[in-house]
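Novice: In this text, residue positions in the first sequence follow UniProt numbering: the first is 1, and each later residue adds one. Even glycine gets a Cβ: it sits at the ideal position worked out from N, Cα and C. Quick one: structure below, then a few questions.
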Amino acid sequence: MTITDQSLDEAQAKKHALNCHRMKPALFSVLCEIKEKTGLSIRGAQEEDPPDPQLMRLDNMLLAEGGPPPPPPPPASAGSSDNSIEHSDYRAKLTQIRQIYHTELEKYEQACNEFTTHVMNLLREQSRTRPISPKEIERMVGIIHRKFSSIQMQLKQSTCEAVMILRSRFLDARRKRRNFSKQATEILNEYFYSHLSNPYPSEEAKEELAKKCSITVSQVSNWFGNKRIRYKKNIGKFQEEANLYAAKTAVTAAHAVAAAVQNNQTNSPTTPNSGGYPASCYQSDGRIQ
DNA sequence: TCCTATGATTAGAG
DNA sequence: CTCTAATCATAGGA
């Protein structure tokens, strides 16, 4: 019942899924625990014991992963917005996995019952030739059930793995990287180059930028983080862009100034220096602020 | 198909 | 938590 190989063949996805350190922590820890425990170990049991916590957790995960309400898609930070097609595909595959899981589970349950009755029959037969205590019967049944539940556990485990591979395939934000819209980049760049001397938008500024660009605040943060470091690393490469945006903001600033009928400000918003942007303490020695 | 740009994620510092 | 720096993985162009 290798659901994993059956439904999702991509070696790449597998590799990705096994690349544990970039999984979402919750899933990751679950998987790790599964692996550890199935590799038989008792380890730091901070868990409750009687109703097999492991199975519970797996159950919970499977439930959470594919309950009737749409599974929460957010991999993490990025609030993806355009995933309707892919998402339905994801859901379809998820349903498929769950279906396989349930049919398999049923099979196992059935097999377990059959086997139990079979053993019971054997015992009954034997009881004619030798005395068999209820205790012994109980013991046998216990053994059988333990065996089967370990199989069940494996089933759940591989289902979880399959689900996780699925997730990593469809929901991993990195894989779904889309460039921001032209306007969004425009807005971000405008802000960046007009605050070159201190390109660290406040939380409010980030929120506003996020709104204007229809992206999330953390995407704005990512963008500025990337931009700062990349700008710093290769200022030359960004010269042209810098000039462009400096000119742009200069124009808008000029308009604003004209409207305000004030000439006091003309040199503060943008003071073209070697082609349009402030010399900035930010870039001079690679140190920021 | 290779190369660069770019958004996201990570570890680690503060 | 935010930030940097490195890195990953994809998008998009030549």
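(1) Grouping DSSP H, G and I as helix and E and B as strand, with all else coil, what is F249?
(2) Under a three-way DSSP split, which group does S158 fall into?
(3) Can the beta-carbon of T159 be found closer than 8 Å to that of V141?
(4) Grab me the residues of V217's own chain with a C-beta within less than 7 Å of its C-beta, minus the 5 sequence neighbours each way, in chain order.
(5) Just confirm the distance between the C-beta atoms of Y108 and F148, as a whole number of angstroms; I'd bet it's less than 8 Å.
(6) Short of 6 Å in beta carbon distance, which residues of its chain neighbour K227, apart from the five on each side in sequence? Order them along the chain.
(7) Alpha carbon to alpha carbon, how far is Q219 from R146?
(8) For R178 and Y231, I'd like the C-alpha separation in whole angstroms.
(9) What does the Cβ neighbour count give for P201, buried or exposed, with the cut at 16 atoms within 10 Å?
(10) Just the Cα atoms here: how many angstroms apart are T249 and Q99?
(11) Using only alpha-carbon positions, find the residue among S221, L105 and Y245 that is nearest to S194.
(12) When burial is assigned at 16 or more other CB atoms within 10 Å of the CB, is Q110 buried or exposed?
(13) Going by C-alpha distance, which of R130, Q126, A162 and I151 is nearest L105?
(14) Leaving out five residues on either side along the sequence, give the residues of the same chain with a beta carbon under 6 Å from the beta carbon of F238.
Specialist: This is what the structure holds:
(1) Taking the first sequence and counting its residues from 1, one reaches residue 249 at position 249. Inspection of the sequence shows that residue 249 is occupied by Thr rather than by Phe. Helix.
(2) As a first step, residue 158 must be located in the first sequence, where it is residue number 158. S158 falls in the helix class under three-state DSSP.
(3) What you label residue 159 is simply residue 159 of the first sequence in a count that begins at 1. What you label residue 141 is simply residue 141 of the first sequence in a count that begins at 1. No, these two residues do not count as a Cβ contact at 8 Å.
(4) The residue you call residue 217 lines up with position 217 of the first sequence. Excluding residues within five positions, the ones whose Cβ falls inside 7 Å are K206, E207 and A210.
(5) Counting from 1 along the first sequence, the entry for residue 108 is found at position 108. Counting from 1 along the first sequence, the entry for residue 148 is found at position 148. Yes, they are in contact, since the Cβ atoms of Y108 and F148 sit about 6 Å apart, within 8 Å.
(6) Here residue 227 is taken as the residue at index 227 of the first sequence, counted from 1. Closer than 6 Å at Cβ, skipping near neighbours: F192.
(7) On the first sequence, residue 219 is found 219 positions in, with the first residue counted as 1. On the first sequence, residue 146 is found 146 positions in, with the first residue counted as 1. About 49 Å.
(8) Residue 178 sits at position 178 when you count from the first residue of the first sequence. Residue 231 sits at position 231 when you count from the first residue of the first sequence. Their backbone Cα atoms lie some 21 Å apart in a straight line.
(9) The residue given as residue 201 occupies position 201 in the first sequence. Answer is buried; the Cβ neighbour count reaches 16.
(10) Numbered from 1 along the first sequence, position 249 holds the residue referred to as residue 249. Numbered from 1 along the first sequence, position 99 holds the residue referred to as residue 99. Approximately 58 Å between the Cα atoms of the pair.
(11) Sequence index remark: in the first sequence, residue 194 carries index 194 (1-based). The option with the nearest alpha carbon to S194 is Y245.
(12) In the first sequence, the residue the question calls residue 110 occupies position 110. With fewer than 16 other Cβ atoms within 10 Å, it is exposed.
(13) Locating residue 105 in the first sequence gives position 105, where the first residue counts as 1. Checking every option, the nearest Cα to that of L105 belongs to I151.
(14) Counting from one through the first sequence, the residue named residue 238 turns up at place 238. Once the five neighbours on either side are set aside, the close Cβ partners of F238 are Y231.
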